[in-house]
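Notes follow the structure.
Residue numbers (our numbering): -2 to 239.
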């Protein structure tokens, strides 16, 4: 997916950095415009497959829009070889351990001299669940975007959430039962925030993954466009960033 023809694309720089979390260095990938100035921030949270090349590509694309992007490596460089190992690493590094690292990343980005202090968080599956947590428990997150994150453990608090959330799901995703999506929709309707859930019919959550057999470029493009509009509105990007 390319940026829209009317969008200014910044020249960017990117690479690996270290963030202090839990008293030690946390590896992360960052990308940001080369041009001097201050930019809204975005924290990208990977899924149970780790900080892959695809996540780094998304970081660069958002930086081209005019965002200061940090993607923490929640697995310390480990890339699971198969689904079983991915599940094991998710169990070890998600949950409370993941929350601490996400909070550390948000604090670093919020106070960085190249960031305006207005920040959003976006995550896939495991990272999406951590994005739900950040939206529900932090007051300094301007917006959250969730791709395919299991909402079950957050349903009892999302009804009171004040952070705008945009959530994407595939109707045929075997990891997210329909009743969970129904409950999420109900919680979002009760929330004081302008939350929105988009469920694409007839597809799994892999429609966004360029390496998956179920990748759907048309749906991926539609999701990208809606996501950009959401970030534009919530992060106060100037019109030429759009």
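Note that beta-carbon positions come from the ideal geometry of N, C-alpha and C, so glycine has one too. The structure presented is a predicted model; accordingly, all values stated were derived computationally and were not measured.
Residue 44 holds the alpha-carbon nearest to the alpha-carbon of residue 84 among 148, 44, 107 and 61.
Rounded to whole angstroms, the separation of the alpha carbons of residue 26 and residue 18 is 15 Å. Secondary structure note for residue 15: its beta strand (DSSP E) is the uninterrupted segment 9 to 18. In the three-state scheme derived from DSSP, where H, G and I count as helix and E and B as strand, residue 146 is classed as coil.
Residue 218 is classed as exposed because its beta carbon has fewer than 16 other beta carbons within 10 Å across all chains shown. Cα atoms of residue 215 and residue 189: separation of roughly 32 Å, rounded to the nearest angstrom. Closest in C-alpha terms to residue 176, from the list 29, 152, 156 and 51, comes 152. Here the stretch 113 to 122 makes no contact with the stretch 90 to 98; the two share fewer than three CB pairs at distances below 8 Å. The C-alpha of residue 156 is placed about 5 Å away from the C-alpha of residue 187.
Proximity to residue 32 across 39, 61 and 42 peaks at 61, based on C-alpha coordinates. The continuous beta strand (DSSP E) containing residue 28 extends over residues 21 to 30. Between residue 149 and the set 70, 224, 174 and 165, the nearest pair of CA atoms involves 174. Residue range 65 to 69 is occupied by the beta strand (DSSP E) that includes residue 69. Selection 50, 58 and 113 evaluated against residue 38 yields 113 as nearest (Cα-Cα).
DSSP, read as helix, strand or coil, puts residue 37 in strand. Counting C-beta atoms within 10 angstroms of its own C-beta, residue 139 has 16 or more neighbours from the protein chains shown and is therefore classed as buried. Between residue 77 and residue 47, the C-beta gap is smaller than 8 Å, which places the two residues in contact. Burial check for residue 69: the Cβ neighbour count within 10 Å reaches 16 or more, so the residue is buried. Looking at 162, 169 and 185, the one whose alpha-carbon comes closest to that of residue 226 is 162.
By the neighbour-count criterion, in which 16 or more other beta carbons inside 10 Å mark a residue as buried, residue 13 falls on the exposed side. Across the set 36, 63 and 22, the C-alpha of 63 shows the shortest separation from the C-alpha of residue 8. Between residue 29 and residue 65, the C-beta spacing is below 8 Å.
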